[in-house]
Amino acid sequence: MQINEILKSYFGYDSFRPNQEAIIQEVMQSHDCLVLMPTGGGKSLCYQVPALAMEGTAVVISPLISLMHDQVEALKANGIPAEALNSGNDVTDDVIIRRRCEAGELKLLYVSPEKLISEIPYLFSNIKISLFAVDEAHCISQWGHDFRPEYSQLGLLHEKFRGIPVMALTATADKITREDIINQLHLNGQTFVSSFDRPNLSLSVRQESTKKEKLKFIYHFIARRPEEAGIIYCLSRKNTEMVAEALQSHGINAEAYHAGLSAQQRASVQERFKMDQIEVVCATIAFGMGIDKGNVRWVIHYNMPKSIESFYQEIGRAGRDGAPADTVLFYSIADIITLRSFCEESGQRSVNLEKLQRMEEYAESRVCRRRILLNYFGETSAKDCGHCDVCKNPPRTFDGTVLTQKALSAVVRAGERVAIGTCIEILRGMQTPAVARNHYNELKTFGVGRDVSVRDWQAYMLQMLQMGFFEVAYNMHNQMKVTPLGWKVLKGEHQVSLVIVENEERAPRQQRVNRPSRESSIPVVHAERVIFEDEISNVEDKKLFEYLRKIRKNLADEQGYPPYIVLSDKSLHELTRMKPTTLQAFGLISGIGEFKIKKYGDTFIKAIKKYTGK
3 MQINEILKSY FGYDSFRPNQ EAIIQEVMQS HDCLVLMPTG GGKSLCYQVP
53 ALAMEGTAVV ISPLISLMHD QVEALKANGI PAEALNSGND VTDDVIIRRR
103 CEAGELKLLY VSPEKLISEI PYLFSNIKIS LFAVDEAHCI SQWGHDFRPE
153 YSQLGLLHEK FRGIPVMALT ATADKITRED IINQLHLNGQ TFVSSFDRPN
203 LSLSVRQEST KKEKLKFIYH FIARRPEEAG IIYCLSRKNT EMVAEALQSH
253 GINAEAYHAG LSAQQRASVQ ERFKMDQIEV VCATIAFGMG IDKGNVRWVI
303 HYNMPKSIES FYQEIGRAGR DGAPADTVLF YSIADIITLR SFCEESGQRS
353 VNLEKLQRME EYAESRVCRR RILLNYFGET SAKDCGHCDV CKNPPRTFDG
403 TVLTQKALSA VVRAGERVAI GTCIEILRGM QTPAVARNHY NELKTFGVGR
453 DVSVRDWQAY MLQMLQMGFF EVAYNMHNQM KVTPLGWKVL KGEHQVSLVI
503 VENEERAPRQ QRVNRPSRES SIPVVHAERV IFEDEISNVE DKKLFEYLRK
553 IRKNLADEQG YPPYIVLSDK SLHELTRMKP TTLQAFGLIS GIGEFKIKKY
603 GDTFIKAIKK YTGK
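Just so it is clear: in the sequence shown, position 568 is 570 by this note's numbering, and no numbers are missing.
Printed below as a string of structure tokens:
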């Protein structure tokens with residue numbers, strides 16, 4: 003079966019997303035690769051499709067039992083033979099899985115890193131392996147946000163299994179982490195970086211600092227989203243329990259989740275959340291990778307995360323099915339103080355402090371938030387998104403092209419070896435020891451920015467960083483490096499709008515102030531209205547959606563599956579709009595493959611006919 007046929011037959015999709023097909027072709031030619039895709043971007047298909055197309059069993063290395071379980075359930079729901087070999091199995095299950103593996107019946111086998119290492123001389127020496135997929139590959143790097151020592155032995159794969167391709171996958175990895183993954187796994191193939199943009203996620207930041215303010219907002223927020231699943235991330239165990247209790251007192255079905263609970267308690271919360279028996283989970287980062295629930299409709303950060311990588315990973319738990327989802331970040335000085343103390347006590351103090359600073363800057367920014375996130379992960383975006391909270395309430399700006407050119411020119415003339423502070427000293431014409439020692443006072447750019455205060459330069463530099471004109475190499479003493487977009491600015495090929503600092507008077511002299519107008523500003527559009535724009539002609543019937551959602555829940559309960567595994571929210575929305583009355587039409591719905599057509603088609607068609615009276 004060809005890969006396009008596999009995609010349609012098993013997964014119900016007509017076409018691949020960007021990079022997926024190229025990645026699949028690469029691994030099918032026995033080449034290694036590093037895959038960077040956002041959460042919900044389709045990473046799993048990159049190894050599941052070739053696993054079905056190639057001879058043998060694909061071995062997927064995953065860090066958490068719960069994550070393996072979710073993946074295996076979803077594959078079985080699509081009629082794909084898959085199992086997980088881990089400490090959660092009883093002896094009988096273990097024996098059956100091994101026998102099926104040795105008989106060549108399984109197309110995918112999920113294992114932990116520890117299980118993989120222990121089984122190399124035994125099971126894995128006796129079966130035909132098609133490929134290795136290392137999921138959550140950032141865990142192998144000490145530069146990554148979720149380093150796991152048990153991942154460090156995975157460099158053995160090439161040594162023990164010559165000729166078998168290794169695919170490393172992650173949703174969050176900056177340049178340093180990527181290089182570390184490649185080196186540690188000895189990968190010798192291409193790196194595929196997909197867009198980190200998640201246009202179905204709305205982004206907003208709120209600066210309520212008191213418990214009362216935060217809870218009041220959360221109550222109203224949930225009230226506007228009845229029966230929608232959401233996650234509230236907290237910094238401490240105490241806060242998870244406090245928020246959960248507060249929500250319960252308002253009649254909201256919420257539970258706390260943190261590492262202080264027993265393994266049984268955590269598993270129970272996770273399972274009930276997956277099965278839509280709990281509406282809200284208030285969790286620490288312990289709830290990070292372990293959740294693969296497709297219909298999470300919102301994520302709130304009650305406290306600020308420690309890094310943009312963590313933040314991106316956590317908001318990525320929402321809207322995995324591609325349907326609209328909302329994210330809200332609460333930001334306060336108290337969080338900063340707590341997180342800084344964590345950084346001071348960590349083994350990588352300077353790196354962690356730098357990453358925390360980037361997170362602070364994101365929260366305080368008046369630049370498009372989606373743009374900041376994309377630029378952080380090396381994806382240059384020259385346009386604002388139009389539907390984050392900053393874009394909805396755009397600040398006043400001025401033409402900052404010349405100012406930016408001065409700054410970038412100073413960086414280039416200094417050999418891209420200066421940190422931001424020293425760059426400002428050069429621009430301001432300051433005779434500091436660092437300037438004198440490196441002869442920066444001899445540069446043509448020395449003193450060209452005297453008319454701008456240090457404070458304002460700091461603010462403008464931050465905007466330039468967030469808009470992707472330069473990046474900071476924090477593994478090289480925070481040196482500034484000009485990006486390709488920055489070079490366009492230097493060459494006069496890209497105009498720059500900077501946000502005015504505090505008030506109009508603080509803008510550089512003779513710079514014309516631009517106020518957002520209907521003609522020049524990007525229209526304010528909420529994420530909920532961005533999705534499905536091309537399908538407006540088919541108006542969704544909300545009552546029908548709720549009717550079909552109940553049917554989905556009944557089917558899921560009968561089979562012991564989470565509802566989103568039966569059909570995703572996105573597929574359900576499409577069903578509601580298209581109202582198919584034949585199996586053929588039902589199969590045209592995105593995300594519904596042949597197995598689900600046979601299994602669920604008649605049930606949903608009958609329900610639609612009954613509802614519409616056809």
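Note that the Cβ used here is the ideal one computed from N, Cα and C, for glycine as well.
Start and end residues, beta strand (DSSP E) containing residue i
i	result
Asp-401	399-401
Ala-84	84-87
Gln-192	192-195
Leu-36	35-38
Own chain residues within Cβ distance below 7 Å of residue i, not counting five before or after
i	result
Tyr-314	Thr-174 and Leu-375
Thr-664	The chain is shown from 3 up to 616; residue 664 falls before or after that span and cannot be answered.
Ser-539	Here Ser-539 scores only 40 on pLDDT, less than 50, and its place in the model is too uncertain to base an answer on.
Phe-149	Cys-141 and Ser-143
Asn-21	Phe-194 and Ser-196
Leu-500	Thr-399, Phe-400, Gly-402, Leu-405, Tyr-462 and Gln-465
Glu-596	Ser-11
Tyr-153	Pro-115, Cys-141 and Ile-142
Gly-44	Arg-19 and Gln-22
Ala-325	Asn-202, Ile-533, Asp-571, Lys-572 and His-575
Cβ-Cβ separation, residue j to residue i (assumed contact under 8 Å), whole Å
i	j	result
Leu-47	Val-195	Not a contact, Cβ separation roughly 17 Å.
Val-298	Tyr-235	No, Val-298 and Tyr-235 are not in contact; Cβ-Cβ is about 12 Å, not under 8 Å.
Asp-391	Leu-205	7 Å
Gln-155	Ile-98	Gln-155 to Ile-98, Cβ: 27 Å. No contact.
Tyr-549	Tyr-602	15 Å between Cβ atoms; not a contact.
Ile-607	Leu-585	7 Å
Where residue i falls, given that 16 or more other Cβ within 10 Å makes a residue buried
i	result
Asn-395	exposed
Pro-167	buried
Arg-372	buried
Ser-64	buried
Ala-231	buried
Tyr-124	exposed
Gly-14	buried
His-479	exposed
Thr-329	buried
Pro-582	buried
Ser-132	buried
Met-361	buried
Lys-385	exposed
Arg-319	buried
Val-420	buried
Asp-16	exposed
Lys-214	exposed
Ile-610	buried
Ile-335	exposed
Glu-506	The predicted position of Glu-506 is uncertain, since its pLDDT is 36 and thus under 50; no value can be drawn from it.
Ile-2	Only positions 3 to 616 of the chain appear in this structure, which leaves residue 2 out of reach.
Gly-191	buried
Neighbourhood of residue i by C-beta distance below 6 Å, restricted to the same chain and skipping five residues each side
i	result
Ala-436	Thr-424
Tyr-378	Ile-310
Ile-122	Lys-162
Gln-296	According to the sequence provided, residue 296 is Gly. The question's Gln does not apply to it. Excluding positions up to five away in sequence, the list reads Arg-322, Asp-323, Tyr-566 and Ser-570.
Ala-135	Tyr-49, Val-62 and Met-169
N- and C-terminal bounds of the alpha helix (DSSP H) containing residue i
i	result
Met-463	456-468
Gly-423	422-430
His-160	158-162
Phe-344	335-347
Thr-605	596-614
Bridge partner(s) assigned by DSSP for residue i
i	result
Gln-481	Ala-475
Val-703	Since the first residue shown for the chain is 3 and the last is 616, residue 703 is missing from the structure and cannot be characterised.
Ile-63	Val-113 and Val-136
Gly-232	Val-282 and Trp-300
Gly-206	The residue asked about is misnamed: residue 206 is Ser in this sequence, not Gly. DSSP output for Ser-206 lists Val-330 as bridge partner(s).
Ser-499	Asp-401
Ile-131	Thr-59
Glu-257	Val-283
Ile-170	The amino acid occupying residue 170 in the given sequence is Ala; Ile does not appear at that position. Beta-bridge pairing links Ala-170 to Leu-36 and Val-136.
Beta-carbon contacts of residue i that lie in its chain and below 8 Å, excluding the five residues immediately before and after
i	result
Met-463	Ala-409, Ile-422, Cys-425 and Ile-426
Ile-129	Gly-58, Thr-59, Cys-103, Glu-104 and Gly-106
Asn-88	Ile-67, Met-70, Tyr-112, Val-113, Ser-114 and Lys-117
Met-3	Ser-11, Leu-54 and Ala-55
Arg-100	Leu-87 and Leu-125
Val-414	Val-484 and Leu-492
Min CB distance residue i to chain C below 8 Å
i	result
Glu-427	Absent here is chain C; the protein component of the structure consists of one chain.
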